[in-house]
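Chains as they are written, first to last, in the working numbering: chain A, 230 to 597; chain P, 6 to 94.
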C-alpha cells in the first residue's frame, strides 16, 4: 500500500510534473578531476539577477527540490545570496560540492542560510594519495573529511558521492567505513561517463571488469552497493525507464534547460522564457526524450522476459546518446554492470531457492 | 474551543509545494517529508504569521460543506499534530 508521498510522487511522475531541478551555478571549479563531465563553452554565466530570475521561474513552476551544483557552486561569491533567495522561495535545497571551501564558519552559514535537506560531497578515495590523484589538489581529502565533520556538527545530512574508477576501486570498502565513521551516507556510482562534449577520455578510468564482478557479487560489498541482492527492473508497459524530461530538469550556468543533468539536449534557455510550464509541455525535445524513455523501458522489459541482463540494467539514455549516438543503444558500462547484476541475482536464487517476487522491491529509477 | 484570534507561524525551516491540492512539506532538520490531505493543505497554505485562525477557519468553511463544529474539531486535531511535529508554533 503506497503512502501519501509515494502516491503524490507516482502521480507527478505519470503526468510528467517535475518536483526537482538541478541548477549548475558555475562551471568554475577549484579541482581538476580527470573524469569530470562538465564541458564549459566559454559563454557568459548567469549573473546574480539572472539566477534570481531563474529561481523565481522554477518556484512558479512548483519545483520543490532544488540542487545547487557546479562546477563548484561555493566559488561563486554570491552563493549565499542565491541560497538565501532559494530558501525564501520555498525550495528544499540540496548542495552538491567538493567541500574544499567548507570550514566551520561556512558549515554554519550553510545551515543558517540554506538549511539544506542534504549536502552532497564528491569523494574519490579513502587515502590522500588516491583522492588527490583524481582531484589534482593536495590536501583535498583532508578538507572533505573536515567539512563532513563541520556539517554533521551543525546537524546537516551529508551524502558522499563516489564514482568508482580503476584508481580507487581498491578503496571502496575503506570509503564505506570512512563514511560510516563520519556519520555520512555514501553512494557509489560504478558508471563513468564521457564528458558532456562527447570526449571519451574519462572512460579510460572505468573500474575493471574483475572489480565490477566483485562489487556486484561479493557479500562484503552489500553495504557499499546498498543492495543485498541486485534488484530487478519492473517497468509496466508505457512506463518510462527513468525520469528524464519528466520528474526533473537541469539548467546549466548559461541558462540552458535540459531534460536531466546527463542528457544535454537543450529544450530552451530560461533567460529567454517568461515561464516554464508552456515549454515543458510543448518542447519537441522533451516530448521526444519522454517517448525515448518509454521505448527504452519496453526494450529492457523484452530483454528481461528473454532472461537477459536488461532486466537488471540501470540504463541512462543520456550516456547512451553521448557515447553511441543512439539513446536507445546499450553502452558498455550499462551492459557490463547489468550482466554482473544478473549473475549475482541468479546466484542468490540458486543459493536461497527464492524468486524476484520474494524480494518485495524493484530497482529504483533514476529521477536525477 | 479554538482561539480564533490566534496567529500561527510555520516552522521557518519547512519547504513545501502543493501538488494535486496536497501540501508536500520537507523538514530538513527532521529528515521528514509530510503530505497533508486537502483540508490540512488549505489550512497549512494559509498559515503565514498574519492571518488569524478565525480567518483560516472561515476560508476553509467556504470551500467545504461541513458544520462549524466539525470543522473546528478537525482543525484542532490537525493543529495538534502539526505542533507535535514542530511544524507550526
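Glycine included, C-beta positions come from ideal geometry on N, C-alpha and C.
Computed from a predicted model, the values in this text were never measured in an experiment.
Contact under 8 Å by Cβ, residue i with residue j
| i | j | result |
| --- | --- | --- |
| residue 604 (chain A) | residue 446 (chain A) | For residue 604 (chain A) there is no data in the structure shown, the boundaries of chain A being 230 and 597. |
| residue 48 (chain P) | residue 65 (chain P) | yes |
| residue 324 (chain A) | residue 348 (chain A) | yes |
| residue 453 (chain A) | residue 405 (chain A) | yes |
| residue 250 (chain A) | residue 393 (chain A) | no |
| residue 266 (chain A) | residue 424 (chain A) | yes |
| residue 462 (chain A) | residue 592 (chain A) | yes |
| residue 336 (chain A) | residue 376 (chain A) | yes |
| residue 471 (chain A) | residue 546 (chain A) | yes |
| residue 499 (chain A) | residue 286 (chain A) | yes |
| residue 390 (chain A) | residue 426 (chain A) | no |
| residue 464 (chain A) | residue 529 (chain A) | yes |
| residue 44 (chain P) | residue 24 (chain P) | no |
| residue 46 (chain P) | residue 27 (chain P) | yes |
| residue 483 (chain A) | residue 274 (chain A) | yes |
| residue 237 (chain A) | residue 29 (chain P) | yes |
| residue 313 (chain A) | residue 288 (chain A) | no |
Straight-line Cα distance separating residue j from residue i
| i | j | result |
| --- | --- | --- |
| residue 62 (chain P) | residue 39 (chain P) | 22 Å |
| residue 354 (chain A) | residue 441 (chain A) | 17 Å |
| residue 543 (chain A) | residue 368 (chain A) | 34 Å |
| residue 316 (chain A) | residue 552 (chain A) | 37 Å |
| residue 572 (chain A) | residue 564 (chain A) | 12 Å |
| residue 21 (chain P) | residue 51 (chain P) | 13 Å |
| residue 539 (chain A) | residue 595 (chain A) | 15 Å |
| residue 466 (chain A) | residue 9 (chain P) | 52 Å |
| residue 263 (chain A) | residue 331 (chain A) | 22 Å |
| residue 356 (chain A) | residue 340 (chain A) | 28 Å |
| residue 88 (chain P) | residue 18 (chain P) | 14 Å |
| residue 92 (chain P) | residue 240 (chain A) | 25 Å |
| residue 284 (chain A) | residue 305 (chain A) | 16 Å |
| residue 562 (chain A) | residue 261 (chain A) | 23 Å |
| residue 77 (chain P) | residue 86 (chain P) | 14 Å |
| residue 450 (chain A) | residue 11 (chain P) | 55 Å |
| residue 473 (chain A) | residue 488 (chain A) | 5 Å |
| residue 54 (chain P) | residue 380 (chain A) | 30 Å |
| residue 455 (chain A) | residue 421 (chain A) | 19 Å |
| residue 526 (chain A) | residue 549 (chain A) | 14 Å |
| residue 291 (chain A) | residue 268 (chain A) | 29 Å |
| residue 259 (chain A) | residue 329 (chain A) | 8 Å |
| residue 590 (chain A) | residue 444 (chain A) | 20 Å |
| residue 82 (chain P) | residue 478 (chain A) | 38 Å |
| residue 459 (chain A) | residue 32 (chain P) | 31 Å |
| residue 245 (chain A) | residue 501 (chain A) | 22 Å |
| residue 42 (chain P) | residue 302 (chain A) | 37 Å |
| residue 16 (chain P) | residue 67 (chain P) | 26 Å |
| residue 13 (chain P) | residue 84 (chain P) | 10 Å |
| residue 485 (chain A) | residue 554 (chain A) | 21 Å |
| residue 309 (chain A) | residue 79 (chain P) | 40 Å |
| residue 223 (chain A) | residue 570 (chain A) | In the structure displayed, chain A extends from 230 to 597; residue 223 (chain A) sits before or after that span and is not available. |
Cβ neighbour criterion (16 or more within 10 Å) applied to residue i
| i | result |
| --- | --- |
| residue 36 (chain P) | exposed |
| residue 6 (chain P) | exposed |
| residue 511 (chain A) | exposed |
| residue 491 (chain A) | buried |
| residue 230 (chain A) | Interpretation of residue 230 (chain A) is limited by its pLDDT of 48, a score under 50 that renders its predicted location unreliable; no figure is taken from the coordinates. |
| residue 506 (chain A) | exposed |
| residue 476 (chain A) | buried |
| residue 247 (chain A) | buried |
| residue 359 (chain A) | buried |
| residue 327 (chain A) | buried |
| residue 531 (chain A) | exposed |
| residue 94 (chain P) | exposed |
| residue 270 (chain A) | exposed |
| residue 503 (chain A) | exposed |
| residue 433 (chain A) | exposed |
| residue 398 (chain A) | buried |
| residue 496 (chain A) | buried |
| residue 536 (chain A) | exposed |
| residue 408 (chain A) | buried |
Checklist entry - Could you give the uninterrupted runs of the beta strand (DSSP E) lying entirely in the region 384–412 of chain A, keeping only those of 3 residues or more? => result 387–392
Item to check | Runs of alpha helix (DSSP H) wholly within the region 520–587 of chain A (minimum 4 residues, chain order) | outcome: 546–553 and 561–581
Checklist entry - Do three or more CB pairs link the region 370–388 of chain A to the region 334–348 of chain A at distances below 8 Å? => result yes
Next on the checklist: Would you call the region 238–255 of chain A in contact with the region 294–304 of chain A, where contact means no fewer than 3 C-beta pairs closer than 8 Å?
Outcome noted: yes
Next on the checklist: Using 8 Å as the cut-off, can you tell me whether the region 517–527 of chain A makes contact with the region 571–584 of chain A, which would need three or more C-beta pairs spanning the two stretches below that distance?
Outcome noted: no
Item to check | Meets three-Cβ-pair contact criterion under 8 Å: the region 410–417 of chain A and the region 357–365 of chain A | outcome: no
Next on the checklist: Restricting to runs no shorter than 3 residues, where is the beta strand (DSSP E) found entirely within the region 278–315 of chain A?
Outcome noted: 294–298
Item to check | 3 or more residues per run - each beta strand (DSSP E) lying fully within the region 453–513 of chain A | outcome: 477–480
Checklist entry - What are the start and end residues of each continuous alpha helix (DSSP H) run of 4 or more residues lying completely inside the region 12–62 of chain P, in chain order? => result 43–51
Next on the checklist: List, from N- to C-terminal side, the alpha helix (DSSP H) runs of 4 residues or more that fit wholly inside the region 424–453 of chain A.
Outcome noted: 438–446
Checklist entry - In the region 20–32 of chain P, which residues sit with their C-beta less than 8 Å from some C-beta in chain D, listed in chain order? => result As a matter of chain content, chain D is missing from the structure shown, whose protein chains are A and P.
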